[in-house]
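Working notes, beginning with the structure itself.
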Amino acid sequence: MSIDQFTYSPIPPEAEAIRAEVRGFLADALADVPPTRRAESWMGFDARFSRRLGERGWIGMALPKRYGGADASAFSRYVVIEELLAAGAPVSAHWFADRQSGPQILHYGSDAQKDFHLPAICRGEQFFCIGMSEPNSGSDLASIKSSARRAGDKWIVNGQKVWTTNAHRSHYMIALLRTDPDSRRNEGLSQFIVDLSLPGITIRPIKDLTGASHFNEVFFDDVALDAGALVGTEGQGWAQVTAELAFERSGPERFLSSITLLQSLVGAIGTDPDALQARDIGRLTARLVTLRQMSLAVTAQLAAGRNPAWEASVVKELGTTFEQDIPELAEALLDVAPATRGGGEHARVLAYLMQEAPSFSLRGGTREILRGIIARGLGMR
Amino acid sequence: MRQMFDSTVERLFADLASPAAVLACEDGPWPQAMWTAVEESGFPLALAPEALGGAGASWADVCGVIRLAGRFNLPLPLPEAMLANWLLGAAGLAPASGAVTVAGAGALRLRDGVVSGEALDVPWGDAVPLVVAVTGGAEPAVVLLPTGAASRREGANVAAESRATLLFEGVAPVAQAPLPAGWPADVLLLGGAMVRAAQIAGALEGVLALATAYAGERVQFGKPIGSFQAIQHQVAVLAEHAAAAVMASEAAFAAADTRIVRLQAIAAKICASEAAGIGAGVAHAVHGAIGFTHEHSLHLSTRRLWSWRSEFGSASAWSQRLGRAVCAAGPEGFWPGVTDGRFDTLQEQRA
Chain B
247 MSIDQFTYSP
257 IPPEAEAIRA
267 EVRGFLADAL
277 ADVPPTRRAE
287 SWMGFDARFS
297 RRLGERGWIG
307 MALPKRYGGA
317 DASAFSRYVV
327 IEELLAAGAP
337 VSAHWFADRQ
347 SGPQILHYGS
357 DAQKDFHLPA
367 ICRGEQFFCI
377 GMSEPNSGSD
387 LASIKSSARR
397 AGDKWIVNGQ
407 KVWTTNAHRS
417 HYMIALLRTD
427 PDSRRNEGLS
437 QFIVDLSLPG
447 ITIRPIKDLT
457 GASHFNEVFF
467 DDVALDAGAL
477 VGTEGQGWAQ
487 VTAELAFERS
497 GPERFLSSIT
507 LLQSLVGAIG
517 TDPDALQARD
527 IGRLTARLVT
537 LRQMSLAVTA
547 QLAAGRNPAW
557 EASVVKELGT
567 TFEQDIPELA
577 EALLDVAPAT
587 RGGGEHARVL
597 AYLMQEAPSF
607 SLRGGTREIL
617 RGIIARGLGM
627 R
Chain R
226 MRQMFDSTVE
236 RLFADLASPA
246 AVLACEDGPW
256 PQAMWTAVEE
266 SGFPLALAPE
276 ALGGAGASWA
286 DVCGVIRLAG
296 RFNLPLPLPE
306 AMLANWLLGA
316 AGLAPASGAV
326 TVAGAGALRL
336 RDGVVSGEAL
346 DVPWGDAVPL
356 VVAVTGGAEP
366 AVVLLPTGAA
376 SRREGANVAA
386 ESRATLLFEG
396 VAPVAQAPLP
406 AGWPADVLLL
416 GGAMVRAAQI
426 AGALEGVLAL
436 ATAYAGERVQ
446 FGKPIGSFQA
456 IQHQVAVLAE
466 HAAAAVMASE
476 AAFAAADTRI
486 VRLQAIAAKI
496 CASEAAGIGA
506 GVAHAVHGAI
516 GFTHEHSLHL
526 STRRLWSWRS
536 EFGSASAWSQ
546 RLGRAVCAAG
556 PEGFWPGVTD
566 GRFDTLQEQR
576 A
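As given, the protein sequences belong to chains B and R, one line each in that order. According to our numbering, the first sequence is numbered sequentially starting from 247. According to our numbering, the second sequence is numbered sequentially starting from 226.
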């Protein structure tokens, strides 16, 4: 761990050069999308929109050209994804493949896996979900029980995953499964690409408190996977999962989830804010400017091949606190009641994000887990 | 350059600014010997152009120096002197010889070759012979003034660092030049905010080290208190805010080329000031009663955190200015303002 890893890492001009094109495309493509839809941020699902982005070359763009990517720098990808998030584009369909599964397959996958999955990910045609949590294994991920057992040239999968975002509308899951029945904790775990159309898989959406269904429970009942479904090395699943966490925890989606509400709030306050409104809007803006620099610093670390797990935890903790503060401040700064029906656009955006906000510091590692990681990096654990 | 600067000043400050030496300065006279040692290191002239006798270093090169000044609680206006000589250089003037400070607030006017008015809360303004200020009016000027010619009203911040009010009545500047064209008249307030942010970041790194070490040593209930999750999580929060203050300062210094980038400097001061209060609170909570004693050195840092966050514009003062500019830009202007690093009306606002 080191605070000194937070070095100034500006977006290089060649990456910055993409921004205008992305912004122009989004202004056109999202012209009819109301703020209430934009507020869904990276939970907004639109398979057709994802395919359009794929046509533009904006999915998996950091992947090699031979797999359908653009060999683009991490910063080019950063510009694209922060513009998508800032505009409230519906990116959920391809989000997990672009952020996590694609790089994971590139790094650990077999040639056959790379050839089959990566070009389709880049085209916006293959959607992935991440199968980690189980009913009795949430923050304590190392306690998972779902298993894959060798049977001839197959792996037989049994067990249950839960809180799996997009499982009901993804083609594949990268699942963390126990391959050594005698193993304990984080040993004997392996990662698999699971074709979600296989027999024996049952996917049940779980309604969240807003009534929407983003996450699911997924049951595996003697699901037979080909030997080629294993990702990376048998028994190395924990190390592989840990390596992807820095990607999962440091990106702009960890502080831009409420950006539509912040923009809506600025509009609702108007051009003549009172002292309290000016102070809190200014403070939020300053925090955003700083979080963005921190996230870019971690991006630079990742691009240099390091594993900035500690720094990523810092970004996520501060970032999710920021995106949770926005609905609280929006409620405090204006005498506008949140509304799920009727009301103005701002009232409905407020109602939506107020209800979504608790999930921000749960998904991808809870606040308590992150603080534990940060303390360990300080030598306290 | 950066690494050489950092390692040089770390050794220098470790020698000069032990906790006992810092404490001795709080109620003592101006520490001339300490200043002389710092002056001989050349760092007060680091940001002055080479052609005028400086080192020609960039703000990016000296962020570590100023963080370390904060970390060691350096009881000298070194950050102020660096800022002063940078501005003199930008105006084409030679750096000040000897100790020099800055006036970030107040109202001074230059008329008929002499300066009148008030400079507020001038760091070490009652001890340092020279102060750099920007005069107001339609044609702002950079002026180097002799503090001895002003009537001085003493003051001090929470860390007992001198903050004097200087009243000038028809004083001839030692040197003067027009403020470079297009530069904001509040450049010293902005620059002061930026250097205080870096000092806060350094002080937070210091209290983080103290709190982490103490949590590992102090035993209660049969084990080090650092093994309790409640303590771990508090220290984690301190580390997060120290990291934010470091990042915000580094970004502001790196972005400052010939000119300071206003949004970055303001964001740094706001985030660092917010971090200062949170960090000081956690550090004291972890240290318990011993950290509340005069004998323990924790307060050398925490009293500075409580001071520096309010100086050269508090988090609230800067936030209000920034917030008004953001609201003026409207919802469509918000994100482009963040990515471009500027909000148009922020540039024009006056203190």
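Virtual Cβ for every residue (Gly too), placed ideally from N, Cα, C.
query: Contact under 7 Å by Cβ, I402(B) with S504(B); result: no
query: Limits of the unbroken alpha helix (DSSP H) element including A266(B); result: 265 to 275
query: Distance, A479(R) Cα to G289(R) Cα; result: 11 Å
query: Same chain, Cβ closer than 6 Å to P256(R), five either side skipped, listed in chain order; result: C250
query: Under 9 Å by beta carbon: chain R residues contacting D526(B); result: S544, G548
query: Cβ contact check for the segment 336 to 356 of chain R and the segment 369 to 378 of chain R: 3 or more pairs under 8 Å; result: yes
query: Residues of its chain near R487(R), where Cβ-Cβ distance is below 8 Å and the 5 sequence neighbours each way are ignored; result: P409, L415, R567, L571, Q572
query: Where L488(R) meets chain B, residues with beta-carbon distance less than 9 Å; result: T531, A532, V535
query: Residues bridged to G342(R) [DSSP beta-bridge criterion]; result: L333(R), F393(R)
query: Integer Cβ distance of I449(B) from N462(B), believed to fall under 8 Å; result: 5 Å
query: Sequence ranges, beta strand (DSSP E) only - wholly within the segment 395 to 439 of chain B, length at least 3; result: 400 to 408, 418 to 424
query: Within chain B, the residues that G555(R) reaches when beta carbons sit closer than 8 Å; result: V512, G513, T517
query: Terminal residues of the beta strand (DSSP E) in which I615(B) lies; result: From DSSP, I615(B) is part of no beta strand (DSSP E) but of the alpha helix (DSSP H) over 613 to 623.
query: Cβ pair P584(B), L596(B) closer than 7 Å; result: yes
query: Interface flag, M472(R) vs chain B, CB-CB below 7 Å; result: yes
query: Contained beta strand (DSSP E) runs [length at least 3] in the segment 364 to 390 of chain R, N- to C-terminal order; result: 366 to 371, 376 to 378
query: Own chain partners of I491(R) with C-beta closer than 6 Å, once the 5 adjacent residues on each side are dropped; result: W543, L547
query: L355(R), DSSP secondary structure in three states; result: strand
query: Cβ pair T410(B), V326(B) closer than 7 Å; result: no
query: Span separating the alpha-carbon of R396(B) from that of L352(B); result: 25 Å
query: F461(B) - DSSP class collapsed to helix/strand/coil; result: strand
query: Proximity to I710(B) [Cα-Cα], best of P445(B), G384(B), A421(B); result: Residue numbering for chain B in the displayed model covers 247 to 627; residue 710(B) lies beyond these limits and cannot be assessed.
query: Beta bridge counterpart(s) of D472(B) as assigned by DSSP; result: K400(B)
query: According to DSSP, residues forming a beta bridge with Q445(R); result: K448(R)
query: Stretch-stretch touch, CB-based, cutoff 8 Å, three pairs: the segment 383 to 392 of chain R with the segment 522 to 534 of chain R; result: yes
query: Given R609(B) as reference, the closest of M378(B), I527(B), T506(B) once Cα atoms are compared; result: M378(B)
query: Among A358(R), E364(R), F268(R), L523(R), the one whose alpha carbon lies nearest that of V412(R); result: A358(R)
query: Selection from R323(B), R529(B), K562(B), R622(B) that minimises the alpha carbon distance to G451(R); result: R622(B)
query: Exposure of G447(R), with buried meaning 16 or more beta-carbon neighbours within 10 Å; result: exposed
query: Inter-residue spacing [alpha-carbon to alpha-carbon] between A263(B) and V325(R); result: 43 Å
query: Nearest-angstrom Cα separation, counted from F373(B) out to L564(B); result: 29 Å
query: Paired residues, beta bridge with A423(R) - DSSP; result: DSSP lists no partner for A423(R).
query: DSSP beta-bridge partners of E380(B); result: S383(B)
query: Between the CA atoms of N404(B) and A467(R) - distance to the nearest angstrom; result: 45 Å
query: Identity of the residues DSSP links to T326(R) by a beta bridge; result: V356(R)
query: Unbroken beta strand (DSSP E) run spanning P403(R), endpoints; result: 400 to 403
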